[in-house]
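What follows is a short report on a single structure.
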Amino acid sequence: MFEKGYYGPFGGAYIPEVLVSTFEELEKAFEEAEEDPGFWEEYIRVLSNYSCRPTPLTFAENLTRHFGGAKIYIKREDLNHTGAHKANNVLGQGLLVRRMGKDRVIAETGAGQHGVATATMAARFGYRCTIYMGEKDVLRQRPNVFWMERLGAEVVPVNTGSRTLKDAINEAFRDWTARMEDTHYVLGTACGPHPYPAMVTYFQSVVGKEAREQIFALEGRCPSRVYACVGGGSNALGIFSGFLDDPVELVGVEAGGKGLGTGRHASRLASGDGFLGVAQGYKTYFLQDPDGQMRETHSVAAGLDYIGVSPILAHLREEGRVRFEAATDEKVLEAFSLVMKKEGLIPALESAHAYAQAFKEAPSLGRDDIIVINQSGRGDKDIFTIADAFGDPGWKEYIQQKAEAYRA
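Each residue of the sequence shown is one higher than the one before, counting from 108 in the working numbering.
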């Protein structure tokens with residue numbers, strides 16, 4: 108167990124002996140890159156000419172008028188290449204892979220956005236690529252599976268456990284244990300053993316740096332509050348990191364699923380159902396039963412359907428620096444519809460959690476207040492889930508016609 112990488116009582120690297128040298132290699136490569144100004148310059152150059160950064164900070168004029176309270180701004184991470192903030196992390200890790208001289212990458216994915224981003228990065232840099240994905244997520248995010256495979260990645264459905272993200276992570280670690288010499292594990296969020304939480308936060312911090320500069324350019328001051336959804340926590344830590352030293356209230360929004368009282372949710376911090384434990388190589392709050400076994404989770408958003416949370420966010424909650432709330436599936440779908448109708452934007456269901464909480468609070472704020480919502484990704488990938496949720500008759504007819512055409 109490494110001593111580094113603790114955030115209060117959270118974090119660490121609880122890894123099998125066989126992986127120690129691989130983690131030491133990764134930690135060394137990351138620390139050297141952090142100290143090399145040329146690495147960050149190359150990283151920003153790749154993001155600028157390949158991933159379309161900087162992403163804009165959009166004033167939501169219609170939503171602001173609708174609620175009549177705080178001015179609402181939206182950080183547009185959906186405009187990254189591949190449609191989510193995930194591109195920031197994978198391109199940074201892709202550059203590290205080149206420094207380490209490896210030629211194969213593996214990854215886990217829930218909503219599929221991290222898988223698509225990793226497959227894209229692998230194609231861009233010329234790496235072999237394998238993606239692990241829970242069988243349940245394969246079914247609800249089939250369009251992303253299609254793109255991963257077209258990009259040249261092998262997608263491996265995981266049919267163990269709850270067949271979701273936590274099981275995909277376990278399978279990715281098993282693969283890595285067997286292929287350490289030529290393979291790097293591109294972990295997608297700010298969880299896992301050290302140095303992943305620090306490394307993913309470092310790459311995602313570009314979001315917060317930009318947002319702070321942009322709100323000062325537009326309004327000349329900091330926002331009152333910043334909202335972000337929280338699964339593992341990568342997009343939240345990305346945008347929060349730009350405002351940690353400012354008098355800004357930071358609000359993380361977890362998946363309330365069917366309601367916190369139902370047990371069918373993925374809220375580890377806001378619900379009070381999370382317990383401190385060690386799993387998947389790190390210590391944090393997990394949704395687990397009294398015997399320490401991981402509980403099944405539920406969320407309409409596959410990317411938030413996870414049992415743990417970043418140890419950095421757990422620490423920031425303990426320090427009182429970040430407030431955590433939970434939004435139910437019902438409120439998320441309401442927020443999703445409102446954003447589409449008022450602003451013409453299609454947020455990911457993950458991002459719609461941040462909107463739901465912001466919409467709950469915006470009317471009670473003054474007109475001098477400013478809030479920023481991180482739209483971490485776009486909702487194209489969620490079309491099947493959303494169409495089912497709304498029971499769209501035209502969509503059902505279209506799917507039936509396509510099925511008939513395939514039978515012909």
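We put the beta carbon where it would ideally sit given N, CA and C, even for glycine.
- prompt: Nearest-angstrom Cα distance between Phe280 and Gln400?
  reply: Numbered from 1 along the sequence shown, position 173 holds the residue referred to as residue 280. Numbered from 1 along the sequence shown, position 293 holds the residue referred to as residue 400. Rounded to the nearest angstrom, the two C-alpha atoms are 19 Å apart.
- prompt: So what does His291 bridge to, in DSSP terms?
  reply: Looking up residue 291 in the sequence shown gives position 184. BP columns for His291 point to Val212.
- request: Taking Ala226 as part of the beta strand (DSSP E), name the residues at either end of that continuous run.
  value: What you label residue 226 is simply residue 119 of the sequence shown in a count that begins at 1. Looking at the DSSP string, Ala226 is not in any beta strand (DSSP E); the run it does join, the alpha helix (DSSP H), is Gln220 to Phe232.
- prompt: When DSSP builds the beta bridges, which residues end up paired with Cys336?
  reply: Mapped onto the sequence shown, residue 336 falls at position 229. For Cys336, which the question treats as bridged, DSSP gives the partners Val360.
query: Is the number of C-beta pairs between the stretch 464-472 and the stretch 196-208 that are closer than 8 Å three or more?
result: no
query: Going by other Cβ atoms of all chains shown within 10 Å of its Cβ, with 16 needed for buried, is Tyr234 buried or exposed?
result: Locating residue 234 in the sequence shown gives position 127, counting from the first residue. Answer is buried; the Cβ neighbour count reaches 16.
- prompt: By DSSP, does Tyr557 sit in helix, in strand, or in coil?
  reply: Summary: the structure shown does not reach residue 557, with the chain confined to residues 108 through 515, and so no result is reported for it.
field: For Pro264, the first and last residue of its enclosing beta strand (DSSP E)
entry: Counted from its first residue, the sequence shown places residue 264 at position 157. Glu261 to Val265 is the span of the beta strand (DSSP E), which, as asked, contains Pro264.
- request: Report the residue from Thr435, Gly327 and Ala305 whose alpha carbon sits nearest the alpha carbon of Thr369.
  value: Numbered from 1 along the sequence shown, position 262 holds the residue referred to as residue 369. Checking every option, the nearest Cα to that of Thr369 belongs to Thr435.
Alpha-carbon to alpha-carbon, Leu294 and Gln387: As a working mapping, residue 387 is identified with position 280 in the sequence shown. As a working mapping, residue 294 is identified with position 187 in the sequence shown. Each residue's Cα considered, the two are about 12 Å apart.
field: Contact set for Glu450: own chain, Cβ-Cβ below 7 Å, skip 5 residues either direction
entry: Here residue 450 refers to the residue found at position 343 when the sequence shown is read from its first residue. So the qualifying residues of the chain are Ala167, Asn169 and Leu170.
- request: Would you grab the beta carbon distance between Leu464 and Val314 for me? Rounded to a whole angstrom, and I think it's under 8 Å.
  value: Residue numbering aside, residue 464 sits at position 357 when the sequence shown is read from its first letter. Residue numbering aside, residue 314 sits at position 207 when the sequence shown is read from its first letter. The residue you asked about is not Leu; residue 464 is Gln in the sequence shown. Contact flag wrong, Cβ pair sits at about 18 Å.
message: Taking 8 Å as the threshold (C-beta atoms), are Asn342 and Lys488 in contact?
response: Working through the sequence shown from its first residue, we reach residue 488 at position 381. Working through the sequence shown from its first residue, we reach residue 342 at position 235. Cβ distance not < 8 Å, so Lys488 and Asn342 don't count as in contact.
field: Exposure of Val429, with buried meaning 16 or more beta-carbon neighbours within 10 Å
entry: Position 322 of the sequence shown holds residue 429. Val429 should be labelled buried.
- prompt: When DSSP labels each residue in this structure, what does Ala455 get in the three-state scheme?
  reply: As a working mapping, residue 455 is identified with position 348 in the sequence shown. Coil, per DSSP.
- prompt: Which word fits Arg247, buried or exposed, when buried means at least 16 other C-beta atoms lie within 10 angstroms of its C-beta?
  reply: Mapped onto the sequence shown, residue 247 falls at position 140. It counts as buried.
- prompt: Which ranges does the beta strand (DSSP E) cover as unbroken runs of at least 3 residues, wholly within the stretch 120-166, from first to last along the chain?
  reply: 164-166
- prompt: DSSP beta-bridge partners for Cys236?
  reply: Position 129 of the sequence shown holds residue 236. DSSP output for Cys236 lists Val212 as bridge partner(s).
message: Does the structure place the stretch 358-367 close enough to the stretch 376-392 that three or more beta carbon pairs sit under 8 Å?
response: yes
field: Residues that Lys448 bridges to, as DSSP identifies them
entry: Taking the first residue of the sequence shown as position 1, residue 448 is located at position 341. DSSP lists no partner for Lys448.
task: Reducing DSSP to helix, strand and coil, say where Thr171 ends up.
output: Reading the sequence shown from its first residue, position 64 is the one you call residue 171. Helix at Thr171.
task: Tell me, please, whether the stretch 306-323 touches the stretch 275-290 by the rule of three or more beta-carbon pairs shorter than 8 Å.
output: no
message: With a threshold of 6 Å on Cβ separation, who are the neighbours of Gly338 within its own chain once the five nearest residues in sequence on each side are excluded?
response: Reading the sequence shown from its first residue, position 231 is the one you call residue 338. Contacts found: Gly410, Leu411 and Tyr413.
query: Quick one: what's got a C-beta closer than 6 Å to Phe347's C-beta in the same chain, skipping five residues either side?
result: By one-based count along the sequence shown, residue 347 stands at place 240. Excluding positions up to five away in sequence, the list reads Leu357.
- prompt: Below 8 Å between beta carbons: does that hold for Glu425 and Gly115?
  reply: For the purposes of this step, residue 425 is taken as the residue at position 318 of the sequence shown. For the purposes of this step, residue 115 is taken as the residue at position 8 of the sequence shown. Their beta carbons are under 8 Å apart, which means Glu425 touches Gly115 by this criterion.
- prompt: For Arg183, which residues of its own chain have a beta-carbon under 8 Å away from its beta-carbon, when the five flanking residues on both sides are left out?
  reply: For this step, residue 183 is matched to residue 76 along the sequence shown. Cβ within range, chain order: Thr162, Pro163, Leu164, Thr165 and Gln482.
- request: Give the DSSP bridge partners of Ala191, in chain order.
  value: Here residue 191 corresponds to residue number 84 of the sequence shown, with the count starting at 1. According to DSSP, which records beta bridges pairwise, Ala191 is partnered with Gly484.
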